[in-house]
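Structure record follows, encoded as structure tokens.
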Amino acid sequence: MVKDFSKGLAVGRKLDVELNKTPASPSRFDRVDGALAGRESLLGRPQPGPDARALQVVQELSLSTSAPLELPLTELDDNPLNSRTIYSEEIVVARANSIREHGQLVPILVTQSLSTPGRYTIIDGQYRKRALTYLGEKSAKCQIIEVKDKVEFYKLARAMNNERQQESILDIAYGYEKLISEGLAKTEEELGSIVKDTKSRINKLRAVLKLPPAVHELITASPDQFGISIAYELTLYQAIVGAEKTVELAQRIASGHLPFTKVQAIRNAAAQGPKPRRNVSRQHKLRDAGIEIGTLKEWDSGRIVLDITVVDPAKRDAYLVALKHLQQQSGLSSELGAVESAE
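Below is the structure:
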């Protein structure tokens, strides 16, 4: 009699999803970017998604009644093209506690290594492997499937990860960069045909990798606050103000839930530079015995203009003596310029 493992697998997968579940509330700008993924414009038809094979695998596994194999953890290699690069220590510990209490309900999905006979590459189950290692286990329950090439490695791992837990923009960006560094895509056009994404989104995602490590840590800790639109604004902001201020803005985004429009406004303000200070002037009317004889005008810039008419020669000479004395006290020098003659 063949033992039916399907119920146990279903329970395990449900628990797995709950452990990884993170609420997501993308901005309307990120929803537009998401709608554009796989098509050249909003009016264009989306290209077929890369996860059809993964959905087939999920369905086959949910219906499978075959018992998983026990494989040594030392024979399981991480997928070098796995779209997920960053793993939360909290999730590893939570997964370990779940396995300690319930056992490993969901097998690790592996395929035989394309380069090393006798070894296996993980397609889905990186967290489970880390949790089992954390618990000091020596082996893991695994199910083996056939994968034809490295590109399918990437597509399948990404789709399976996304089925379980929404990818962060860093996961996607690192995954794209791996495809290029492995030589599987030489240009962004070739990359787009593999991952079914637009050149614009690919360019933005790759730019995110140039943000400071401290910003990457914030994105990892608060992925829901950093959609592709906000993250790309940070790359533009960094080009204007540098890394230090970019980290400060990223901290505000992570803790204050700044919307895209606010982040964009901050970046635009930085691009325009500080507003020039207004050079305010103040004018004082000068009177002698109640009669206006001129003005004293001053500006915030430091400029001073004295414009008076003194009819009495004695008073005029007294003003000139006082002004020259003030000039000498201030250390200012002067020389007599050309004298204009009245016509």
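Here the sequence shown is numbered in our numbering, starting from 1 and rising by one per residue. Every residue gets a Cβ at the ideal spot worked out from N, C-alpha and C, and that includes glycine. Everything numeric in this text was worked out from a predicted model, so none of it was measured.
With a threshold of 16 other CB atoms inside 10 Å of the CB of Tyr-174, please say whether the residue is buried or exposed.
-> buried
Using beta-carbon positions only, say whether Lys-138 and Pro-68 come within less than 7 angstroms of one another.
-> no
Using a Cβ-Cβ cut-off of 8 angstroms (strictly less than) and excluding sequence neighbours within five positions of Met-1, which residues of its own chain qualify?
-> For Met-1, the pLDDT reaches just 40, beneath the cut-off of 50, and the residue's location in the model is therefore unreliable, although a value from the coordinates is still provided. Excluding sequence neighbours, Met-1 sits near nothing in its chain.
Val-92 vs Tyr-134 beta-carbon contact at 7 angstroms = yes
Can you tell me which of the three DSSP states Pro-23 falls into?
-> With a pLDDT of only 43 at Pro-23, under 50, the local geometry of the prediction cannot be trusted, and the value read off the model is given with reservation. Pro-23: coil per DSSP, three-state reduction.
The segment 102-121 touching the segment 195-214, judged by at least three CB pairs closer than 8 angstroms | no
For the alpha helix (DSSP H) that contains Lys-245, what are its first and last residues?
-> 243-256
State the start and end residues of the unbroken alpha helix (DSSP H) segment that holds Tyr-87.
-> From DSSP, Tyr-87 is part of no alpha helix (DSSP H); its letter is neither H nor E.
May I ask you to report which of helix, strand or coil DSSP gives Gly-103?
-> coil
Contact between the segment 216-231 and the segment 179-199 (3+ Cβ pairs under 8 angstroms) = no
N- and C-terminal bounds of the alpha helix (DSSP H) containing Gln-272 | 260-272
What are the boundary residues of the beta strand (DSSP E) that Glu-292 is part of?
-> 291-299
Could you please give me the residues that DSSP links to Lys-285 through a beta bridge?
-> Thr-295
Leu-139 - partner residues in DSSP beta bridges = The question names Leu, but residue 139 is Ser in the sequence shown. According to DSSP, Ser-139 bridges with Pro-72.
Measuring CB to CB, does Leu-109 end up less than 7 angstroms from Ile-123?
-> yes
Could you tell me whether the Cβ atoms of Asp-300 and Asn-268 are closer together than 7 angstroms?
-> no
Reference Glu-167; option with closest CA among Pro-274, Asp-288, Val-310 and Asn-82 | Asn-82
Excluding the 5 residues preceding and the 5 following Ile-308 in the sequence, name in chain order all residues of the same chain whose CB lies nearer than 7 angstroms to its CB.
-> Leu-286, Ile-293 and Gly-294
Measure the beta-carbon distance from Arg-128 to Arg-95 and round it to whole angstroms, keeping in mind my assumption that it falls under 8 angstroms.
-> 6 angstroms
If we call anything under 7 angstroms between Cβ atoms a contact, is Leu-170 one with Leu-179?
-> no
Do the CB positions of Arg-277 and Glu-298 come within less than 7 angstroms of each other?
-> no
Less than 7 angstroms separating the beta-carbons of Arg-119 and Asp-77?
-> yes
Once you ignore the five residues that flank Gln-264 on each side, which residues in its own chain have a CB closer than 6 angstroms to its CB?
-> Glu-233
Where does the unbroken beta strand (DSSP E) through Leu-306 begin, and where does it stop?
-> 304-308
Keeping to the same chain, check which residues put their C-beta closer than 7 angstroms to that of Leu-258; ignore five residues upstream and five downstream.
-> Arg-252
Boundaries (first-last residue) of the beta strand (DSSP E) holding Asp-312 = Element bounds for Asp-312: n/a, residue is neither H nor E.
Quick one: what does DSSP say Ile-144 is sitting in, helix, strand or coil?
-> strand
Kindly indicate which three-state DSSP category Thr-111 falls into: helix, strand or coil?
-> strand
Would you mind working out which of Tyr-319, Ala-314 and His-284 sits nearest Val-305, comparing C-alpha positions?
-> His-284
Alpha-carbon to alpha-carbon, His-102 and Glu-89 | 20 angstroms
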